[in-house]
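Number of protein chains: 2
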Amino acid sequence: MTARLFEGERTIDTIPVGHRGIAYGDGVFESMRVHDGRVPWWPRHARRLADGAARLHLPLPDHEFLEAQVAAMASGREAGVLKLVLSRGGGARGYAPEPDAVPCWQLSIHPSPQAPATGLQLRWCATRLAIQPLLAGLKHCNRLEQVMAREEWRQPGTLHADADEGLMRDTEGHVVCAVSANLFVLRDGRWSTPRVDRCGVAGVCREWALEALEATQARLTPGDVEVADAVFLCNAVRGILPVARLGARTWDAHRAVADARRRLAAAHPAFPWTARS
Amino acid sequence: MTARLFEGERTIDTIPVGHRGIAYGDGVFESMRVHDGRVPWWPRHARRLADGAARLHLPLPDHEFLEAQVAAMASGREAGVLKLVLSRGGGARGYAPEPDAVPCWQLSIHPSPQAPATGLQLRWCATRLAIQPLLAGLKHCNRLEQVMAREEWRQPGTLHADADEGLMRDTEGHVVCAVSANLFVLRDGRWSTPRVDRCGVAGVCREWALEALEATQARLTPGDVEVADAVFLCNAVRGILPVARLGARTWDAHRAVADARRRLAAAHPAFPWTARS
């Protein structure tokens, strides 16, 4: 992993002790697809980063400096994932944020995930998402729920231990998302995706798909997913991933999913579409 | 701040990039009172640390090594706060925990907080605690709710900007705790404290007070707090803190609170009791 660390607009060599990321998960992050030396969706990521920082009152580094560092990190790389973590920085012990905190942030490059050869196999997670409108939609760094959910099917012998992803419900039973992706379901020719106003992440690919597919945001029950005509997951790193199975329910390839992927390929060069894919 | 960093049973010089604390708040912590070169409540803290690690499937360093490092850090210090943060350590990008992760942990020493000269002034926080039984009771590192709550009254001009602490309710309206302390209320000669089975932290001083005062755990409404005959906050760093005001409601010093403090003084040498205090 290649990584660089910053405090405000200054490169630093080591992560400071007392970092509020470690103490409280006091930050936000972005996982971005690198393609041909660039980050094609950088404007969307930058906007979400700024929105998240504004809602949490996190300080942001200078925008031009940040953008130049992101560009430098992506430059010369054919493909990969660029992760940005923005934290509030150090400070005294205790929850109170320093009013003049200097942001502590890091960029790191990771390998691209393997594109799945077939449709995804999903399972239902037992771990539920708490309802917290103040954090809903944000890609913040309080992610123990996702860590616990993802761990559910790493144990050998677990039901659906070979699953590619898991669907998560909130504590009231509504379907929200997969552990690391958003969910879209097709019914009678119309796409919909769960609202993220009470929990869940407003994903960058979700935002694109909402517009491109004229999808609606809705409260979905597990039953709504199971009766869907087609289902896909999406995120900014992996694009659109067709779903082939959820527990006992299976779906054949659907032309509306292929169509969505073709449009994504036109919008984002890292996700090319072929008739086979 | 004096600090030491460890990976398993090895001292390290710098916090590794890719630290899951920064990425996800994937850890637990303890804030411990140092007195006369020792940590008097170490057995209680060690037990809670082990319980938290077990619930989150976090790896723990060797117990004797950990204990020796805590003792070494406290040794020779008359007073202070010793903070321990235990994180899952590094790993690849993504939520899935490494099954053989080596814990990354840190110890740091901080000044003792000033003991308040008078009873505390409290306010109600607007920030609510999400209901998440899987994390309830744990002193985990997903603390954005507390950061937001504590920030509420740092802005000049805020209502009760001079408050010492804020009381937090869950999203259903039940009273849970203060931002950095547990809450006890007296009614008709009996102490009670909110349950922490749906959110909130099972504090080490709370555990002591539950036993010593034969207190009950209950779901409390804001009205239950306002009609209480006496109220105190407590945590392992500050001991028992009498409450003098909550919004418009005031309380005079109460002999049951003085009695609780006298018993705490007998149990923990860092919290001496005097008739004036």
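Protein sequence lines correspond, in order, to chains A and B.
Following the working numbering, the numbering of the first sequence begins with 1 at its first residue and continues without gaps.
Following the working numbering, the numbering of the second sequence begins with 278 at its first residue and continues without gaps.
Don't be surprised by glycine CBs; every beta carbon is placed ideally from N, CA and C.
Boundaries cannot be given for Cys402 (chain B), as no beta strand (DSSP E) includes it and DSSP labels it neither H nor E.
At a cut-off of 8 Å, the C-beta of Asp100 (chain A) has no neighbouring C-beta in chain B. Cβ contact annotation for Gly516 (chain B) (same chain, cutoff 6 Å, sequence separation greater than five): Leu541 and Phe548, in chain order. Judged by DSSP secondary structure, Arg47 (chain A) falls within the alpha helix (DSSP H) whose first and last residues are Trp42 to Leu56. C-alpha of Ala351 (chain B) to C-alpha of Lys360 (chain B): approximately 11 Å in a straight line. CA-CA distance, Ile386 (chain B) to Asp290 (chain B), rounds to 17 Å. The shortest CA-to-CA distance from Thr11 (chain A) to any of A:Ser87, A:Pro59 and A:Cys104 is the one to A:Cys104. The secondary-structure analysis by DSSP pairs Leu186 (chain A) across a beta bridge with A:Trp191 and A:Ala230. For Ala544 (chain B), the closest alpha carbon among the candidates B:Ala521, B:Thr498, B:Val514 and B:Ala489 is that of B:Ala489.
When rounded, the separation of the alpha-carbon atoms in Trp191 (chain A) and Thr470 (chain B) is 48 Å. Rounded to the nearest whole angstrom, the CA to CA distance from Ser389 (chain B) to Arg245 (chain A) is 56 Å. Interface annotation, Cys402 (chain B): not in contact with chain A, CB-CB separation never under 8 Å.
Against chain B, the CB of Met1 (chain A) has a partner CB under 8 Å away; the residue lies at that interface. Straight through space, the alpha carbons of Ala525 (chain B) and Gly396 (chain B) are spaced by roughly 14 Å. At a cut-off of 8 Å between beta carbons, Gly477 (chain B) makes no contact with chain A.
Under DSSP, Ile517 (chain B) shares a beta bridge with B:Cys511. Looking at A:Ala92, A:Val70, A:Leu56 and A:Ala161, the one whose alpha-carbon comes closest to that of Pro133 (chain A) is A:Leu56. Assignment of Ala378 (chain B) by DSSP, reduced to helix, strand and coil, places it in the coil class. Around the CB of Gly367 (chain B), 16 or more other CB atoms lie within 10 Å, so the residue is classed as buried. Of the residues assessed, Gly329 (chain B) falls on the buried side of the cut-off, its CB having 16 or more other CB atoms within 10 angstroms. Not a single CB atom of chain A sits nearer than 8 Å to the CB of Ser389 (chain B).
The beta carbon of Asp506 (chain B) sits no closer than 8 Å to any beta carbon of chain A.
In the three-state scheme derived from DSSP, where H, G and I count as helix and E and B as strand, Ala178 (chain A) is classed as strand. Setting aside the 5 residues that flank it on each side, Gly285 (chain B) is surrounded in the same chain by Pro338, Val379 and Pro380, each with a C-beta closer than 7 Å to its C-beta; the list follows chain order. Taking C-beta atoms as the reference points, Leu5 (chain A) and Val362 (chain B) fail to come closer than 8 Å. Between the C-alpha atoms of Ala230 (chain A) and Arg187 (chain A) there is a straight-line separation of about 7 Å. A straight line joining the alpha-carbon of Phe342 (chain B) with that of Gly477 (chain B) spans about 30 Å. Following the DSSP letters along the chain, one finds Gly371 (chain B) in no beta strand (DSSP E), marked with neither H nor E. Within the same chain, and ignoring the five residues on either side of Val502 (chain B) in sequence, the residues whose Cβ sits closer than 6 Å to its Cβ are Val452 and Val462. The stretch 21–30 of chain A makes contact with the stretch 294–313 of chain B; the number of CB pairs closer than 8 Å reaches 3 or more. One thing to note: Ile408 (chain B) has its Cβ no nearer than 8 Å to the Cβ of Glu355 (chain B). Membership of Arg263 (chain A) in the alpha helix (DSSP H) is indicated by the continuous run Arg255 to Ala267. The CB of Val17 (chain A) comes closer than 8 Å to the CB of Met278, Ala280, Leu282, Ile292, Gln383 and Ser385 in chain B, given here in chain order. Distance from the CA of Pro59 (chain A) to the CA of Ala71 (chain A), rounded to the nearest whole angstrom, comes to 21 Å.
Rounded to the nearest angstrom, the Cβ distance from Ala96 (chain A) to Glu428 (chain B) is 7 Å, consistent with a contact under 8 Å. Of the other Cβ atoms in all chains shown, 16 or more fall within 10 Å of the Cβ of Thr404 (chain B); this residue is therefore buried.
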